[in-house]
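Presented below is the structure to which this report refers.
Numbering (the working numbering), first residue to last: 376 to 953.
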């Protein structure tokens with residue numbers, strides 16, 4: 376409820392009009408049964424006793440009832456439209472705030488929440504909030520007005536019968552409260568199951584080719600069906616629990632209606648009430664019953680929305696665990712461009728992923744990093760780009776700790792091609808330019824030449840060629856060259872290639888590295904690769920194993936001093952040392 380109030384607050388003027396229309400429309404519906412009772416008990420007997428054939432009073436009364444009915448219809452429709460308008464715009468703002476907050480989460484926080492869960496919160500949970508915001512406006516006002524107004528009108532008609540009806544309400548309130556309290560935790564479990572289903576779906580969609588290539592479609596179907604069944608089971612459990620409210624409430628109200636009819640018949644026989652009043656009373660009883668059912672629906676939807684609101688608030692209220700710096704990057708030729716000093720880090724705070732890493736690079740130098748899978752190579756890049764903060768030690772850019780540097784200033788100076796980078800469903804031009812206004816067409820042309828991406832111009836639409844999601848209509852080597860071109864186009868001060876040439880043949884890889892040296896002379900390069908041929912010309916090579924530097928130096932030095940490096944070179948280069 377707090378989140379809904381927060382969402383609709385900016386639209387209070389429209390909301391006031393909407394709620395006024397809704398209230399007046401509900402009141403119009405309440406007057407109709409009273410007018411019917413008046414017609415049956417007073418107007419019609421009056422015509423019979425007077426013997427008059429002038430039916431003008433009946434026509435006028437009927438016309439008034441039609442007018443009230445149409446007025447109620449118009450006001451309710453207008454109020455519903457305004458309610459949908461407010462809900463749509465309010466949740467649009469919520470999605471924007473949630474997306475903006477997700478963008479500012481640290482990598483560690485994203486790991487904790489998980490990406491499938493964030494997707495689910497952005498989609499399913501925000502839709503639940505939209506549904507609840509709209510329903511609360513449509514039924515959250517109309518239902519209480521009909522309920523209280525129905526009781527008041529019934530009280531005016533016959534206080535004795537009203538007491539019978541009111542006596543049923545505490546029992547109904549207890550039923551609604553009890554099952555709503557049970558429903559909220561169940562809806563939370565349902566959303567958690569949806570998170571797992573989304574994760575499984577993402578895995579299958581991303582790895583569809585691998586699944587088919589290994590003939591594992593049946594296995595994946597079984598795993599998806601398992602996640603699907605768990606989601607259905609959680610949904611059913613929550614829905615079945617909440618679905619008990621309406622039948623139990625109907626039973627209570629129907630028992631009350633039986634008592635009302637029995638007592639009403641007795642009172643008519645005693646002359647204490649009239650037939651029209653009983654008819655109106657039964658109508659009011661039906662209105663009250665429907666109002667209670669609407670309130671129950673509001674409770675069911677709000678229970679689901681409460682679970683979603685808590686999940687959304689968990690993201691929105693997450694503390695900033697990685698504070699932005701306040702310094703800009705100022706070049707200082709007397710200090711190393713990049714310096715790691717005794718850096719240690721752990722993802723889970725239990726076992727170290729890298730330990731006591733130290734090295735420095737001058738501007739324009741090239742660092743090569745080689746090591747077994749999982750040895751911590753990419754972790755060094757994550758720390759340099761400040762996706763995570765170090766546990767121990769310092770990382771410096773021109774002598775300043777990156778913790779004190781503005782994150783945008785730091786990352787804007789870095790061009791990076793990650794190990795599993797992303798091609799967007801856009802044109803080749805859009806993927807390389809990437810909405811960076813400072814990048815000109817000449818920059819893009821030079822970048823494609825450096826990346827050896829001449830294949831672009833062989834296509835009919837060249838730069839306007841539309842790529843499928845994740846670049847599925849390109850080969851692995853073509854994707855890597857476009858990603859390299861994207862990084863080069865920004866003319867970065869630091870260029871990071873994380874296994875970015877693994878899909879390139881040796882000749883293309885050699886040409887690309889040669890072009891990088893020529894075009895980006897003052898750019899400090901960090902190359903992570905499994906092939907020594909990609910690192911041979913580096914000014915410094917780090918051999919990483921189990922998160923530690925086991926050897927460092929130039930290619931020639933390592934060939935003389937490191938047995939592990941010699942073994943890698945022997946198998947890759949046939950024992951050739953230069």
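Cβ atoms here follow ideal geometry from the backbone N, Cα and C, with glycine treated the same way.
Keep in mind that this is a model prediction, so the values were computed, not measured.
For residue i, does the count of other Cβ atoms within 10 angstroms reach 16, so buried, or fall short, so exposed?
| i | result |
| --- | --- |
| residue 743 | buried |
| residue 451 | buried |
| residue 384 | exposed |
| residue 761 | buried |
| residue 652 | buried |
| residue 873 | buried |
| residue 624 | buried |
| residue 545 | exposed |
| residue 471 | exposed |
| residue 498 | exposed |
| residue 1026 | The chain is shown from 376 up to 953; residue 1026 falls before or after that span and cannot be answered. |
| residue 635 | buried |
| residue 445 | exposed |
| residue 626 | exposed |
| residue 811 | exposed |
| residue 715 | buried |
| residue 733 | exposed |
| residue 539 | buried |
| residue 678 | buried |
| residue 517 | buried |
| residue 501 | buried |
| residue 503 | buried |
| residue 853 | buried |
| residue 496 | buried |
In the structure shown, what three-state DSSP assignment does residue i receive?
| i | result |
| --- | --- |
| residue 542 | coil |
| residue 646 | coil |
| residue 926 | strand |
| residue 915 | strand |
| residue 730 | strand |
| residue 724 | coil |
| residue 827 | coil |
| residue 678 | helix |
| residue 952 | Reliability of the predicted coordinates at residue 952 is poor, the pLDDT of 46 falling under 50, and no value is obtained from them. |
| residue 921 | coil |
| residue 506 | helix |
| residue 705 | coil |
| residue 695 | coil |
| residue 467 | helix |
| residue 389 | helix |
| residue 557 | helix |
| residue 850 | coil |
| residue 402 | helix |
| residue 397 | helix |
| residue 716 | strand |
| residue 669 | helix |
| residue 609 | helix |
| residue 855 | helix |
| residue 841 | strand |
| residue 664 | helix |
| residue 530 | helix |
| residue 735 | strand |
Looking at chain B, is there any beta carbon in it that lies within less than 9 Å of the beta carbon of residue i?
| i | result |
| --- | --- |
| residue 842 | Annotation note: the requested chain B is absent from the structure, which comprises a single protein chain. |
Would you say the beta carbon of residue i comes nearer than 8 Å to a heavy atom of the ligand GDP?
| i | result |
| --- | --- |
| residue 391 | Ligands in the displayed structure: none, and consequently the ligand GDP is not present. |
Could you round the C-beta distance between residue i and residue j to whole angstroms and report it? I think they count as a contact, below 8 Å.
| i | j | result |
| --- | --- | --- |
| residue 462 | residue 566 | Wrong, their Cβ atoms sit about 20 Å apart, outside the cutoff. |
| residue 825 | residue 887 | 7 Å |
| residue 807 | residue 770 | With 8 Å as the limit, residue 807 and residue 770 do not qualify as a contact, their Cβ atoms being about 29 Å apart. |
| residue 871 | residue 907 | No, residue 871 and residue 907 are not in contact; Cβ-Cβ is about 19 Å, not under 8 Å. |
| residue 507 | residue 615 | Not really, about 20 Å apart at Cβ, beyond 8 Å. |
| residue 735 | residue 767 | That belief does not hold up - the Cβ atoms of residue 735 and residue 767 are roughly 17 Å apart, past 8 Å. |
| residue 984 | residue 915 | Since the first and last residues shown for the chain are 376 and 953, residue 984 lies out of range. |
Fill in: Minimum length 4: unbroken alpha helix (DSSP H) runs contained in the region 780-821
782-787 and 803-808
Item to complete: Can you check the region 740-774 for any alpha helix (DSSP H) of at least 4 residues that lies completely inside it and give the ranges in chain order?
Response: 752-759
Worksheet item: Taking one C-beta from the region 635-646 and one from the region 505-512 each time, how about it: are there three or more such pairs within less than 8 Å?
Response: no
Worksheet entry | Contact between the region 518-535 and the region 655-670 (3+ Cβ pairs under 8 Å) | yes
Worksheet item: Is it true that the region 721-732 meets the region 746-764, where meeting means three or more beta-carbon pairs spaced less than 8 Å apart?
Response: yes
Item to complete: Report yes or no: do the region 695-702 and the region 772-780 share at least 3 C-beta pairs separated by less than 8 Å?
Response: yes
Worksheet entry | Contained alpha helix (DSSP H) runs [length at least 4] in the region 863-915, N- to C-terminal order | 881-894
Discussion item. When you compare the region 684-692 with the region 536-544, are there three or more beta-carbon pairs, one atom per stretch, that lie closer than 8 Å?
Written reply: no
Item to complete: Spell out a yes or no on whether the region 857-867 and the region 921-930 are touching, meaning 3 or more CB-CB pairs, one atom from each, closer than 8 Å.
Response: no
Discussion item. With three or more C-beta pairs closer than 8 Å as the rule, is the region 816-824 touching the region 782-794?
Written reply: no
Fill in: Contact the region 436-443 vs the region 403-418: 3+ CB pairs below 8 Å
yes
Worksheet item: Does the region 602-622 touch the region 555-565, meaning 3 or more C-beta pairs lie closer than 8 Å?
Response: yes
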